[in-house]
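**Q** Just so you know, the protein sequences line up as chains A and B, in that order.
Going letter by letter, the first sequence gives residues 286 to 633 in our numbering.
Going letter by letter, the second sequence gives residues 32 to 381 in our numbering.
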Amino acid sequence: MALDRRLFARWDTAVIAALAVSVLAASLAVEGFASGRNAGFLVLDIAAVALIALPMTLIIITGEIDLSVASTLGLTSAVMGHLWVAGLPLELIVVLCVVLGAVLGAVNGLLVTVAGLPSLAVTIGTMALYRGLAYVVLGDRAVADFPFSWTGAATTPIPGTPIPWIAAAIALLAVAFGVVLHATPVGRALYAIGAGGQAAAFAGIAVLRTKFWLFVTAGAVSGLAGVFWTLQYASARADNGYGLELSVVAAVLLGGVSIFGGRGALPGVLAGVVLLGTIRNALRLADVAEDALTVVTGALLIASVLAPNALAALRGRRRPADRPAPGAAADPPVPTQPSTSGPTRELS
Amino acid sequence: MAEPTAPAAAPPAAPAANGRAATKVRRVRQVRELGILLALVLLVAVTAAANPRFLTAQSVRDLLLGATVLTILAVGQTIVIITRNVDLSVGSVLGLSAFATGSLFVAFPDLPVLVAVAAGTALGAVCGALNGALVAAARVPALVVTLGTLYVFRGVDHSWASGAQINAADLPDAFLGLSTATVLGVPVLAFAALAVVLAAGWYLGSYRSGRELYAIGSEPAAALLSGIPVGRRVFAAFVVNGALAGLAGVIYAARFGTVDATAGTGLELQVVAAAVVGGVAIFGGSGTVYGAALGAALLTTIGTSLAVLRINPFWQQAVVGLLILAAIGLDRLLAVRTARRLRGGAPRGA
């Protein structure tokens, strides 16, 4: 297990290194990449994924998943448009939308914790439900007459820099999530839950309550992302953010978070989000057809799970007896599983 | 427990207590599938009562035709989910196969239809084999791998098509005729879907390797210890699912005539939803293709029904979402009840 942990730590650094290399390569090879203007575009392009990836990381670390986040974004966007047409002030609408997101997340949380249903199935259901409700609210109309003072503000750069304000908001939230995950008992509890829910419960962790609040958080952040998305594109539509859930999950997994739960770190995830954004941005500037870029996303994702396994196999051959690394005693309890059961153990 | 000579195939129906338990579990499954069938019949009955034109031959034909693609995909997905895996790449495989079939006809307009069907299915099987190899041999989680290949296959599709589109005019009439041909008033394609459902159901229910898929999904480690070739079975499940997704792609091309690189986008979660609604447990080991097929039929019928009932069509997706939640809630309820009955059943004797 200690071996695995070291390898995952290495994957984390590998993603950050890959990010550095791709930024460097893109700056040298792609004309227009290394400009302030483009950096601003890049930030706006990845903002929604970056926001939602924060709570998604925590949820996947506990061994759950939330596929309804993009639909939550779409529903809050639709409601935002509806309320604006109804004449409410935007300040109030923004608050209501974040609250709505939290409520939608709470529904997921209740179904997972109280009803004891698998989160994968639950959030596929609420993904359809929330997206459906978004269409009920707004149909196929678009609301686009938001005041420029608001839509402009969403993309305005911080004075003196080309970076838009949303980057500061993301950074602030990322620090908050990072501190909670990596420097508080709550964060340790999340890893313990992901490593083995029953053991965590026996250790006195309120497993269900923790999971419930994680889903609420994911909903609230998705609601916030919905508000930002609407203002950024100055358009409230029911299909806003369609399919974004898979981009978020891909970025989180690419960042080294284990789909089994119990492993992963926030810096790697953020590097994963920016890496995907950078590659997309650079290839787009280099006139590579946008849709073909998805090959890169997919290949990176597969590599992210394949590489640690390949490394482990390689190391295992070289040094069969694994000795515990220093500090391994402080690790969360990891249930020993026969490695032979590897191929079919995911989702559990 | 103590049967050292026969450690193999899945739920053995042999000794008394075991047999009773197995019967009870089977009865619960049947109740579950009957429930879906009942819901489907009820939906059709209510809709037909409100508007008799819902049951005209033409509209029934459309309904059956509309369900074929989703049904075939749901059958394949069920085979994979039963082994405690999942395949999110089926929408992309369908798109790739549909475009490949169309391109094949553009290049060889006189190609026999059967060859095109075989080619599309084979392409799907190759995609499935790639997924299967990554999951079974490289031992990486199926959810991650197939999310990756979802993007890879779609990207390949896009760079191959590079903005081009196959039109019905490019396709021979013999091929497009597949979607309009009927036998005894029933579309040929619906018969094809039915054949796929029955064949898969027969295989999963009656063949040793089929039962082994359930054993793998119930407890992979135990399956391995009891001598089941887990890796080979899982690989085969992915290949079959890929082949069925390829077949669905051919049918998609025949049915719509117009194929671009976005065909089948977002279909993967709808397919998983159909299986879940049909009572296939998302963590494997339980569920049948009959249930999944009924789930697919129910999901497709809802759309048409709402339109006929003059309910705002925008409600369709929300209703589908509620249905998924109701289905997994019901499964949970049945599972809890079965567990209680199995535990309490023995002393009472019954």
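Don't be surprised by glycine CBs; every beta carbon is placed ideally from N, CA and C.
Keep in mind it's a predicted model, so treat the numbers as computed, not measured.
How would you list, in chain order, the residues of chain A whose beta-carbon sits under 7 Å from the beta-carbon of B:S193?
**A** Neighbours of B:S193 on chain A, chain order: A574.
**Q** Taking C-beta pairs closer than 8 Å, name the residues in chain A that B:Q348 reaches, listed in chain order.
**A** Those within 8 Å of B:Q348 in chain A are A413, L414, R416, G417 and Y420.
**Q** Is A:I564 helix, strand or coil when you go by DSSP?
**A** A:I564 falls in the helix class under three-state DSSP.
**Q** Which same chain residues end up closer than 7 Å to B:P203 when comparing Cβ atoms and leaving out the 5 residues on each side of it in sequence?
**A** F136 and P140
**Q** Output the residue ranges of the alpha helix (DSSP H) runs that lie fully inside the stretch 304-353 of chain A and measure 4 residues or longer, sorted by chain position.
**A** 321-346
**Q** B:G172 CB to nearest chain A CB: under 8 Å?
**A** Inspection of the sequence shows that residue 172 of chain B is occupied by Pro rather than by Gly. Judged by the 8 Å Cβ criterion, B:P172 is in contact with chain A.
**Q** Under 7 Å Cβ-Cβ, which residues of chain A neighbour B:G232?
**A** Contact note: B:G232 does not reach chain A at a C-beta cutoff of 7 Å; the least C-beta distance is about 22 Å.
**Q** In chain order, what residues of the same chain lie with their CB nearer than 6 Å to the CB of B:A169, ignoring the 5 residues before and after it?
**A** none
**Q** Might you give, ordered along the chain, the residues of its own chain that have their beta carbon closer than 7 Å to the beta carbon of B:R363, omitting 5 neighbours on each side?
**A** none
**Q** What are the start and end residues of the alpha helix (DSSP H) that includes A:P470?
**A** P470 to A480
**Q** Closest to B:A358 by C-alpha separation, out of B:Y234, B:V307, B:S336 and B:T369, would be which residue?
**A** Comparing Cα-Cα distances from B:A358 to each of B:Y234, B:V307, B:S336 and B:T369, the minimum goes to B:V307.
**Q** Between A:V492 and chain B, is the shortest Cβ-Cβ distance under 8 Å, so that the two count as touching?
**A** no
**Q** Contact between the stretch 368-387 of chain A and the stretch 499-506 of chain A is defined here as three or more beta-carbon pairs at a separation below 8 Å; is this criterion met?
**A** yes
**Q** So is A:A305 buried or exposed if we call it buried at 16+ other beta carbons inside 10 Å?
**A** exposed
**Q** Smallest Cα separation from B:T177: which of B:G186, B:L119 and B:V144?
**A** B:L119
**Q** With H, G and I counted as helix, E and B as strand and the rest as coil, what does DSSP make of A:P442?
**A** Note: A:P442 maps to strand in three-state DSSP.
**Q** Anything in chain B within Cβ reach of A:A584, meaning under 9 Å, just list it in chain order.
**A** G179, Y182, V183 and G186
**Q** Show which residues of chain B have a CB atom less than 7 Å away from the CB atom of A:I544.
**A** P172, L174 and V175
**Q** Mind the definition here: the stretch 331-347 of chain B touches the stretch 410-423 of chain A only if three or more C-beta pairs lie below 8 Å; say whether that holds.
**A** yes
**Q** Could you work out which residues of chain A lie near B:V418, taking near to mean beta carbons separated by less than 9 Å?
**A** This structure does not reach residue 418 of chain B, given that chain B is present from 32 up to 381, and the question cannot be answered.
**Q** Would you tell me roughly how many angstroms separate the C-alpha atoms of B:V157 and B:A370, rounded to the nearest one?
**A** 41 Å
**Q** Return no unless some Cβ of chain B is closer than 8 Å to the Cβ of A:A567.
**A** It does not; no Cβ of chain B falls within 8 Å.
**Q** Considering B:V111, what are the terminal residues of the alpha helix (DSSP H) in which it resides?
**A** In the DSSP assignment, B:V111 falls within the unbroken alpha helix (DSSP H) covering A88 to I113.
**Q** Note down the Cα distance separating A:F462 from A:P340, rounded to an integer number of angstroms.
**A** 8 Å
**Q** Report the residues of the stretch 383-410 of chain A with a CB closer than 8 Å to any CB of chain B, ordered along the chain.
**A** L396, A400, G401, L402, P403, L405, A406, V407, I409 and G410
**Q** Residues of chain B with CB closer than 8 Å to the CB of A:G528, please, in chain order.
**A** What A:G528 touches in chain B: T296 and G297.
**Q** Going by other Cβ atoms of all chains shown within 10 Å of its Cβ, with 16 needed for buried, is A:E631 buried or exposed?
**A** Low per-residue confidence applies at A:E631: pLDDT is 37, beneath 50, and the placement is therefore not dependable enough to give any value.
**Q** Just to confirm, is the Cβ distance from B:T132 to B:A150 under 8 Å?
**A** Yes; because the gap between Cβ atoms is below 8 Å, this pair is in contact.
**Q** Starting from A:A535, find everything on chain B with Cβ-Cβ shorter than 8 Å and list it in chain order.
**A** L178, G179 and Y182
**Q** Is there a Cβ from chain B that is less than 8 Å from the Cβ of A:I587?
**A** yes
**Q** Would you say A:R322 reaches chain B, if we count a Cβ-Cβ gap shorter than 8 Å as a contact?
**A** no
**Q** CB-CB under 6 Å to B:R341, same chain, minus the five flanking residues each way: which ones, in chain order?
**A** none
**Q** Enumerate, from N- to C-terminal direction, the unbroken alpha helix (DSSP H) stretches of 4 or more residues contained entirely within the stretch 271-311 of chain B.
**A** Counting only runs of 4+ residues, the alpha helix (DSSP H) found wholly inside the stretch 271-311 of chain B occupies 298-308, in chain order.
**Q** Whole angstroms is fine: what's the gap from B:L373's alpha carbon to B:L69's?
**A** 26 Å
**Q** Can you give the Cα-Cα distance for A:V380 and A:G526, rounded to whole angstroms?
**A** 20 Å
**Q** Assuming A:T515 is part of the alpha helix (DSSP H), what are its boundary residues?
**A** V492 to Q517
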